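Trainee:
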């Protein structure tokens with residue numbers, strides 16, 4: 098091979114190398130370009146998603162704003178109902194009223210969730226009254242509540258809003274004369290407001306007195322409580338007495354998994370409204386705790402009432418009826434003016450107790466969770482959790498009795514060595530840490546120990562001497578037997594029809 102040919106070969110090979118390198122570079126450029134394009138697309142998609150999220154947030158905010166700016170006229174209510182709201186100084190509908198009233202008037206089943214004090218009762222009372230006025234007959238609506246006090250409170254709202262029509266209503270709760278209630282039911286009141294247990298007593302005792310076959314509305318207020326196992330058997334019996342083509346309205350401060358399950362299993366179109374499902378605590382409410390040994394909790398309670406919250410309006414929450422009554426007797430023995438509210442009291446006693454507290458004849462109410470839900474008690478300055486509730490949601494309801502309508506308030510939880518996990522669950526739900534309560538003079542606490550322990554012994558002896566709680570156990574056993582008999586009768590009828 099000549100030198101010239103060798104050089105030509107080198108040149109050619111160099112050219113081939115350069116060409117291949119250029120091709121590789123071009124390919125790399127293409128790959129980089131594709132990568133860049135893909136990244137740009139991803140960025141665009143993210144921007145679009147972010148924008149849509151922002152838009153959806155702004156849409157939900159604008160929806161809330163629209164609800165807040167509606168009037169009762171906009172909701173489709175009749176003039177006589179608008180006059181009734183004006184007379185009660187209800188100038189504008191609340192969010193839950195604006196959202197739910199048009200849907201109820203349109204005939205839909207509804208689940209409504211909103212905080213205590215947000216106007217849930219009027220959200221179902223107003224459309225029910227409007228429909229009743231259009232076609233009044235027999236028992237038009239059945240409202241079920243978990244507590245007697247809430248039943249009376251709902252009845253007051255219906256009475257006030259329906260004052261201009263000839264509204265007949267009946268309250269069917271325990272603690273009142275059954276014969277009188279049976280006579281009321283036989284007269285076919287338009288609205289029946291009941292607790293499940295007592296209504297089942299009437300269903301089992303006299304089928305002729307119950308006229309629910311043409312009912313148009315079933316309302317479950319505080320439905321999360323009504324879906325507890327406590328009410329399961331009673332609800333089953335009641336629902337069997339109602340027509341399937343009724344309109345069902347479920348209201349609660351919280352939408353639980355059980356309520357979600359009801360929504361998913363419903364065959365009818367159901368409107369669901371959630372009004373701020375975060376467990377926000379009012380900003381003006383200060384949440385505090387005091388860590389104390391369980392054996393001397395009563396001593397600390399007495400010290401706190403006398404030295405820290407003197408002349409304040411206070412609700413003390415307990416977990417059991419017996420604890421509630423024991424504290425009531427003990428504190429009275431120590432010179433405090435108190436009253437109690439729990440399930441073992443008769444209905445007249447409960448109403449009397451609430452009236453004393455609301456009118457400030459007494460400033461300390463000791464209560465179980467019957468007072469934690471739904472009850473509208475004004476100007477409560479302090480809530481003391483003597484027993485920490487097992488459910489964080491119950492804690493929210495309890496402390497919601499104070500710091501209402503823009504006022505300030507204090508909640509104080511008395512924590513013992515057994516309550517650590519419960520408090521952690523509460524803080525996890527509320528997203529707020531409780532503040533330690535300071536300013537306790539331990540020496541002063543020790544000085545009153547003997548006096549408090551003596552009062553505690555007196556209270557315990559009184560509960561033993563009066564057989565506290567035995568009547569409730571007997572009544573519960575009777576009710577369970579009665580329910581079982583009713584189930585057995587129905588089972589026999591089914592067998593006969595099959596044969």
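In our numbering, the protein residues as written are 98 to 596.
Note that the Cβ used here is the ideal one computed from N, Cα and C, for glycine as well.
All of these numbers come straight from a predicted model, not from anything done at the bench.
#1: Are the Cβ atoms of residue 555 and residue 426 separated by less than 9 angstroms?
#2: Mapping DSSP to helix, strand and coil, what is residue 528?
#3: Can you look up residue 589 in the DSSP assignment and give me helix, strand or coil?
#4: How big is the Cα-Cα spacing for residue 60 and residue 593?
#5: Do you know offhand how far residue 362's Cα is from residue 411's?
#6: Answer yes or no: do residue 167 and residue 190 have a C-beta to C-beta separation smaller than 9 angstroms?
#7: Rounded to whole angstroms, what's the CA-CA distance from residue 296 to residue 495? Just pull it up for me.
#8: Within the continuous beta strand (DSSP E) that includes residue 385, where are the two ends?
#9: Grouping DSSP H, G and I as helix and E and B as strand, with all else coil, what is residue 206?
#10: What three-state label does DSSP hand residue 370 in the structure shown?
#11: For the region 221 to 235 and the region 353 to 371, state whether three or more C-beta atom pairs, one from each stretch, are separated by less than 8 angstroms.
#12: What number of angstroms, rounded off, separates the C-alpha of residue 140 from the C-alpha of residue 476?
#13: Within the continuous beta strand (DSSP E) that includes residue 461, where are the two ends?
#14: For residue 468, tell me which candidate among 585, 531 and 246 has the shortest Cα-Cα distance.
#15: I'd like to know if the region 256 to 275 and the region 326 to 344 are in contact, where contact means that at least 3 CB-CB pairs between them fall below 8 angstroms.
#16: State buried or exposed for residue 328, treating a residue as buried only when at least 16 other CB atoms are found within 10 Å of its CB.
#17: My understanding is that residue 483 touches residue 402, with C-beta atoms under 8 angstroms, so please give their C-beta distance in whole angstroms.
#18: Reducing DSSP to helix, strand and coil, say where residue 195 ends up.
#19: Determine, using beta-carbon pairs with one atom in the region 281 to 291 and one in the region 224 to 241, whether at least three such pairs fall under 8 angstroms.
#20: Over the uninterrupted beta strand (DSSP E) stretch that includes residue 238, give me the two end residues.
#21: Smallest Cα separation from residue 199: which of 589, 461, 265 and 225?
#22: Inspect the CB distances between the region 511 to 524 and the region 383 to 392 and report whether three or more fall short of 8 angstroms.
#23: Nearest by alpha-carbon distance to residue 369: which of 381, 351 and 552 is it?
#24: For residue 408, collect the residues of the same chain with a Cβ closer than 8 angstroms to its Cβ; drop the 5 residues on either side in sequence, then sort them by chain order.
#25: If contacts are defined as beta-carbon pairs under 8 angstroms, then residue 344 and residue 314 qualify, I think. What distance do you get, rounded to the angstrom?
#26: In three-state terms, what does DSSP make of residue 476?
#27: According to the Cβ coordinates, are residue 346 and residue 316 closer than 9 angstroms?
#28: Terminal residues of the continuous beta strand (DSSP E) containing residue 316?
#29: Please confirm whether residue 435 and residue 462 have their CB atoms less than 9 angstroms apart.
#30: Give the straight-line distance between the Cα atoms of residue 244 and residue 292, rounded to the nearest whole angstrom.
Mentor: Quick look at the numbers:
#1: Here residue 555 corresponds to residue number 458 of the chain shown, with the count starting at 1. Here residue 426 corresponds to residue number 329 of the chain shown, with the count starting at 1. In contact: residue 555 and residue 426 (Cβ atoms closer than 9 angstroms).
#2: Taking the first residue of the chain shown as 1, we reach residue 528 at position 431. Reduced to three states, the DSSP call for residue 528 is coil.
#3: Working through the chain shown from its first residue, we reach residue 589 at position 492. Residue 589 falls in the helix class under three-state DSSP.
#4: This structure cannot settle anything about residue 60, because the visible part of the chain is limited to 98 through 596.
#5: Sequence index remark: in the chain shown, residue 362 carries index 265 (1-based). Sequence index remark: in the chain shown, residue 411 carries index 314 (1-based). Those two C-alpha atoms are separated by around 43 angstroms.
#6: Here residue 167 corresponds to residue number 70 of the chain shown, with the count starting at 1. Here residue 190 corresponds to residue number 93 of the chain shown, with the count starting at 1. By the CB criterion at 9 angstroms, residue 167 and residue 190 fall inside the cutoff.
#7: Walking along the chain shown from the start, residue 296 turns up at place 199. Walking along the chain shown from the start, residue 495 turns up at place 398. So the alpha carbons of these two residues sit roughly 27 angstroms apart.
#8: As a working note, residue 385 is residue 288 in the chain shown. Where residue 385 is concerned, the enclosing beta strand (DSSP E) starts and stops at 382 to 388.
#9: Walking along the chain shown from the start, residue 206 turns up at place 109. Annotated three-state conformation of residue 206 is strand, per DSSP.
#10: Along the chain shown, read from residue 1 onward, the residue named residue 370 stands at position 273. Reduced to three states, the DSSP call for residue 370 is strand.
#11: Taking a contact to require three or more Cβ pairs closer than 8 angstroms, the region 221 to 235 and the region 353 to 371 do not qualify as touching.
#12: As a first step, residue 140 is located in the chain shown; it is residue number 43 there, counting from the start. As a first step, residue 476 is located in the chain shown; it is residue number 379 there, counting from the start. Here the model assigns residue 140 a pLDDT of 48, short of 50, so the residue's position is not dependable and the matter cannot be decided.
#13: For this step, residue 461 is matched to residue 364 along the chain shown. Note, residue 461: beta strand (DSSP E), 461 to 464.
#14: On the chain shown, residue 468 is found 371 positions in, with the first residue counted as 1. Comparing Cα positions, the closest option is 246.
#15: Result no; under three Cβ-Cβ pairs closer than 8 angstroms.
#16: Along the chain shown, read from residue 1 onward, the residue named residue 328 stands at position 231. Taking every protein chain shown into account, the CB of residue 328 has 16 or more other CB atoms within 10 angstroms, so this residue is buried.
#17: Stepping through the chain shown from its first residue, residue 483 is reached at position 386. Stepping through the chain shown from its first residue, residue 402 is reached at position 305. Contact flag wrong, Cβ pair sits at about 11 angstroms.
#18: Counting from one through the chain shown, the residue named residue 195 turns up at place 98. Secondary structure at residue 195: helix, using DSSP grouped into helix, strand and coil.
#19: Segments in contact, yes.
#20: Start at 1 with the first residue of the chain shown, and residue 238 comes out as number 141. Where residue 238 is concerned, the enclosing beta strand (DSSP E) stretches over 238 to 241.
#21: Position 102 of the chain shown, counting from 1, holds the residue named residue 199. Of the candidates 589, 461, 265 and 225, the residue whose Cα lies closest to the Cα of residue 199 is 225.
#22: Output reads yes: the region 383 to 392 touches the region 511 to 524.
#23: By 1-based counting over the chain shown, the position of residue 369 is 272. Per the C-alpha coordinates, the member of 381, 351 and 552 positioned closest to residue 369 is 351.
#24: For the purposes of this step, residue 408 is taken as residue 311 along the chain shown, with counting starting at 1. Within the same chain, Cβ atoms closer than 8 angstroms to the Cβ of residue 408 are found at 460, the five residues on either side in sequence being excluded.
#25: Here residue 344 is taken as the residue at index 247 of the chain shown, counted from 1. Here residue 314 is taken as the residue at index 217 of the chain shown, counted from 1. Confirmed, about 5 angstroms.
#26: Residue numbering aside, residue 476 sits at position 379 when the chain shown is read from its first letter. Residue 476 falls in the coil class under three-state DSSP.
#27: Within the chain shown, numbered from 1, the residue matching residue 346 stands at position 249. Within the chain shown, numbered from 1, the residue matching residue 316 stands at position 219. Residue 346 is a Cβ neighbour of residue 316, given a cutoff of 9 angstroms.
#28: Walking along the chain shown from the start, residue 316 turns up at place 219. Bounds of the beta strand (DSSP E) holding residue 316 are 314 to 318.
#29: Position 338 of the chain shown, counted from the start, is the residue given in the question as residue 435. Position 365 of the chain shown, counted from the start, is the residue given in the question as residue 462. With a cutoff of 9 angstroms on beta-carbon distance, residue 435 and residue 462 are scored as near each other.
#30: As a first step, residue 244 is located in the chain shown; it is residue number 147 there, counting from the start. As a first step, residue 292 is located in the chain shown; it is residue number 195 there, counting from the start. Residue 244 and residue 292: Cα-Cα distance of roughly 6 angstroms.
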